[in-house]
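Quick note on our numbering: the sequence shown kicks off at 30 and runs consecutively.
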Amino acid sequence: MPAWLLCTMALALLLSAAAWRAERVRQRRGRTTRWLWLAAIAASAIVPLAWLPGVLAAMPAEQAQLKLGWFMLSSGMLLLLALRSVWLLSHQRRWQKTSLLGTPVYLSGGIGPCVAGLLRPRIVMPVWLRLISSQQQALLLAHAQCRLAARDPLLLAAAYALIILMPWNVPLWWQLHRLRFAIEVDCDARMLAQGHALRDYAIVLRQHGQYYSGLTGASPIVLNDPRALRQRRRLMARFTRNRAANLL
30 MPAWLLCTMA
40 LALLLSAAAW
50 RAERVRQRRG
60 RTTRWLWLAA
70 IAASAIVPLA
80 WLPGVLAAMP
90 AEQAQLKLGW
100 FMLSSGMLLL
110 LALRSVWLLS
120 HQRRWQKTSL
130 LGTPVYLSGG
140 IGPCVAGLLR
150 PRIVMPVWLR
160 LISSQQQALL
170 LAHAQCRLAA
180 RDPLLLAAAY
190 ALIILMPWNV
200 PLWWQLHRLR
210 FAIEVDCDAR
220 MLAQGHALRD
230 YAIVLRQHGQ
240 YYSGLTGASP
250 IVLNDPRALR
260 QRRRLMARFT
270 RNRAANLL
C-alpha cells in the first residue's frame with residue numbers, strides 16, 4: 030500500500046509537469062488551458078484506481094489503518110463540501126432578486142461578485158455594486174455571464190469530486206490551484222475577445238474583484254493573490270498583442 034501511494038503521487042507529479050508544459054505552449058498561442066488541468070486531475074485520480082483492488086487484497090493486516098485514514102479524509106472533505114453548501118443555501122434566503130443592466134442577478138450583503146450554485150448557478154453581486162459606475166457594473170456583469178456560458182461552476186465541482194477520491198494526494202491540490210488560475214485566464218481571454226478594453230477590465234479586477242471559494246460550485250472573480258493578478262495582466266497584454274497582429 031505505501032508503494033502504491035508513492036507511485037500514485039509520482040504519477041500526479043508527472044502529469045502536473047506535462048500539463049504545466051502544455052499550458053505554456055497553449056498560452057503563447059492564445060488557446061484555452063483549463064481542460065488541460067481538469068484532464069490532469071482526472072487521470073491522476075482515476076488511473077491508479079485500476080490497480081487499487083489488487084493492492085488492497087495484498088495489503089497486510091497491520092496496514093489497515095491506511096484504509097481507515099483514507100476513508101476519514103475523503104469523508105471529511107465530503108462533509109466540508111456539504112457544510113459549505115448548507116452555508117450557501119442559508120445565505121440565499123437573504124439575497125434580493127433584481128435586475129442589473131437588464132440581466133437578472135441576486136444582490137448579497139457579503140458575497141460576490143461571483144457565480145454561485147451548482148445545479149442552478151446564478152449571478153451574485155454585492156450591494157455595493159450600486160455605488161460604482163455603470164461601465165464597471167457592465168464589466169463585472171459581463172465577466173459573470175462568461176462564467177455562466179462556460180459552465181465554470183460545473184467544472185470546479187467535477188474537479189472537487191475527483192479530489193474527494195484521493196484527498197491525500199498533494200499534487201492533486203496543486204493541479205486544482207492551476208485549474209482555478211486557468212479558469213481565470215480563459216475568462217480573461219473571452220472578455221478581451223468580446224472587445225472589452227484591457228485597461229478598464231484590469232482596473233475592475235484590481236479594485237472590485239473579490240475572491241469567493243469554489244467549494245460549492247461558485248466561481249471567483251479574481252484570485253486573492255497579487256502575483257497571480259500580475260501574471261494574468263501579462264497574459265492579457267500578450268493576448269491583446271496577438272489578436273492585434275492577427276488582424277493585420
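Idealized CB from N, CA, C, for every residue including glycine.
Problem - Contact set for N198: own chain, Cβ-Cβ below 8 Å, skip 5 residues either direction - result: T37, M38, A41, S73, A74, I192
Handout entry: With 16 other Cβ atoms within 10 Å as the buried cut-off, status of P82
Key = exposed
Handout entry: S137: first and last residue of the uninterrupted beta strand (DSSP E) it sits in
Key = 132-137
Problem - Contact the region 222-232 vs the region 177-191: 3+ CB pairs below 8 Å - result: no
Practice task
Evaluate S162 with the Cβ neighbour count: other Cβ atoms within 10 Å of its Cβ, from every protein chain shown; 16 or more gives buried, anything less gives exposed.
Solution key: exposed
Problem - Coarse secondary structure for S128, derived from DSSP in three states - result: strand
Handout entry: Whether W124 touches S137 by CB criterion (9 Å)
Key = yes
Handout entry: For V214, the residue or residues it bridges with in DSSP
Key = V214 pairs with nothing; no bridge assigned.
Problem - Cβ neighbours of A211 in the same chain (closer than 6 Å, five flanking residues each side left out) - result: T62, R63, W66
Exercise for the section: Can you give me the start and stop residues for the beta strand (DSSP E) that M38 sits inside? Expected result: Counting along the chain, M38 falls outside any beta strand (DSSP E), though it belongs to the alpha helix (DSSP H) covering 31-57.
Exercise for the section: Return yes when the Cβ of L118 is within less than 9 Å of the Cβ of A167, no when it is not. Expected result: no
Practice task
Can you tell me which of the three DSSP states I351 falls into?
Solution key: The requested residue 351 is not part of the displayed model; the chain covers only 30 to 277.
Practice task
Under the assumption that P150 contacts G141 (Cβ atoms under 8 Å), give the Cβ distance between them as a whole number of angstroms.
Solution key: 13 Å between Cβ atoms; not a contact.
Problem - Spatial distance of R261 from L35 (CA atoms) - result: 34 Å
Practice task
Please report how far the alpha carbon of A68 lies from the alpha carbon of R58, in whole angstroms.
Solution key: 20 Å
Problem - For L43, the nearest candidate out of A222, Q204, S103 (CA to CA) - result: Q204
Practice task
Provide the residue span of the alpha helix (DSSP H) that contains I140, from first to last.
Solution key: It is not in any alpha helix (DSSP H) - I140 carries neither H nor E in the DSSP assignment.
Handout entry: Identity of the residue in L184, P77, R159, A71 nearest A32 by Cα
Key = P77
Problem - Range of the contiguous beta strand (DSSP E) that encloses R151 - result: 151-155
Exercise for the section: For L183, I'd like the list of residues in its chain whose CB is within less than 6 Å of its CB, leaving aside the five on either flank, ordered along the chain. Expected result: none
Problem - Beta-carbon spacing of L170, V134 below 9 Å - result: yes
Handout entry: Contacting residues, own chain, Cβ-Cβ under 7 Å from M220 (five flanking each side not counted)
Key = A171, H172, C175, Y230
Problem - L108 classed as buried or exposed, judged by whether at least 16 other C-beta atoms fall within 10 angstroms - result: exposed
Handout entry: Where A284 sits in the DSSP three-state scheme
Key = Shown here, the chain extends from 30 to 277; a query on residue 284 therefore has no answer.
Exercise for the section: Starting from R228, follow the alpha helix (DSSP H) in both directions and report where the run begins and ends. Expected result: 227-237
Problem - As assigned by DSSP and simplified to three states, the class of N271 - result: helix
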